[in-house]
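At position 81 of the sequence shown (counting the first as 1) the number is 463 in my numbering, and the numbers step up by one without a gap. All residues carry an ideal CB built from backbone N, CA and C; glycine is no exception.
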Amino acid sequence: MFVHEQNRRAMPGAQGGWDRLEKDCGAWINLLSRKVKRRLNATLQGVDITFIQSQVIFYILNHWQEAPVFQRDIEQVFSLSRSTATGILQQLEEKGLLRRESVESDARLKSLVPTGRAAQLDAEVRACLRQTEEVLTRGLSGGQVQLFKETLAAMAQNLDDAEAENAR
């Protein structure tokens with residue numbers, strides 16, 4: 383039995399809905415995204431951080447020493463609106479995981495700097511992410527996982543290209 387057949391039986395009223403899913407990559411990606419976020423948010427609850435907050439902190443931890451990281455960088459990297467990025471960053475500040483520091487060249491700009499607490503949480507968050515990745519890829523070969531990643535990267539590029547074309 384194929385995985386999608388198991389899922390079809392598990393979903394109420396699935397006949398109509400899952401026929402569409404068998405043909406629609408976007409619907410499958412959306413379904414998987416919701417499930418992964420739900421699992422990660424549940425797993426990360428013990429460290430009092432959400433999945434998107436963990437991604438933002440991870441990005442800041444890995445880039446702030448090379449060059450200043452600003453809110454606009456977070457907006458671009460994670461495709462977030464200004465208001466969404468503001469909310470996430472405010473929550474991270476309230477939790478003591480990051481602070482904003484004025485930039486010498488322009489006091490209006492505030493660089494995002496992780497705190498020591500963020501660095502301490504990093505190992506716990508990485509363990510949660512690894513655990514979820516193991517569950518997600520269970521039963522798949524390395525080749526299947528690699529092909530999946532390459533396919534998703536190509537699809538993301540297709541969407542970026544289409545967005546750029548529409549902007550012209």
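Determine the extent of the beta strand (DSSP E) in which residue i is found, giving its start and end residues.
| i | result |
| --- | --- |
| Asp488 | Asp488 to Pro496 |
Give me, in chain order, the residues of the same chain whose beta-carbon lies closer than 6 Å to that of residue i; leave out the 5 immediate sequence neighbours on both sides.
| i | result |
| --- | --- |
| Val527 | Thr519 |
| Val517 | none |
| Ala467 | Gln453, Ile456 and Glu457 |
| Asn540 | none |
| Arg421 | Thr514 |
| Glu506 | Val429 |
Starting from residue i and walking both ways along the alpha helix (DSSP H), at which residues does that stretch end?
| i | result |
| --- | --- |
| Leu479 | Per DSSP, Leu479 belongs to no alpha helix (DSSP H) and is neither H nor E. |
| Gln447 | Gln447 -> no alpha helix (DSSP H), and no H or E assigned at all. |
| Leu522 | Looking at the DSSP string, Leu522 is not in any alpha helix (DSSP H), and its letter there is neither H nor E. |
| Thr432 | Counting along the chain, Thr432 falls outside any alpha helix (DSSP H), and DSSP gives it neither H nor E. |
Could you tell me which residues DSSP pairs with residue i in its beta bridges?
| i | result |
| --- | --- |
| Val485 | Asp488 |
Could you tell me how far apart the beta carbons of residue i and residue j are, in whole angstroms, since I believe they sit closer than 8 Å?
| i | j | result |
| --- | --- | --- |
| Lys477 | Asp430 | 7 Å |
| Leu529 | Pro496 | Not a contact, Cβ separation roughly 34 Å. |
| Ile439 | Leu479 | 6 Å |
CB-CB under 8 Å to residue i, same chain, minus the five flanking residues each way: which ones, in chain order?
| i | result |
| --- | --- |
| Val485 | Pro450, Leu491, Lys492 and Ser493 |
| Arg464 | Gln453 and Glu457 |
| Asp504 | Ile439, Phe440 and Leu443 |
| Ile411 | Leu534 and Met537 |
| Leu462 | Ile456 and Ile470 |
What residues in its chain sit with their C-beta under 7 Å from that of residue i, if we drop five residues either side in the sequence?
| i | result |
| --- | --- |
| Thr432 | Asn423 and Leu426 |
| Arg499 | Gly478 and Leu479 |
| Arg391 | Bear in mind that the predicted position of Arg391 carries a pLDDT of just 48, short of 50, making it unreliable; the figure below should be weighed with that in mind. There are no such residues. |
With a threshold of 7 Å between beta carbons, is residue i in contact with chain D?
| i | result |
| --- | --- |
| Thr497 | The structure shown contains no chain D, having only a single protein chain. |
**Prompt:** Using 8 Å as the Cβ pair cut-off and three pairs as the minimum, do the region 462-480 and the region 509-519 touch?
**Reply:** no
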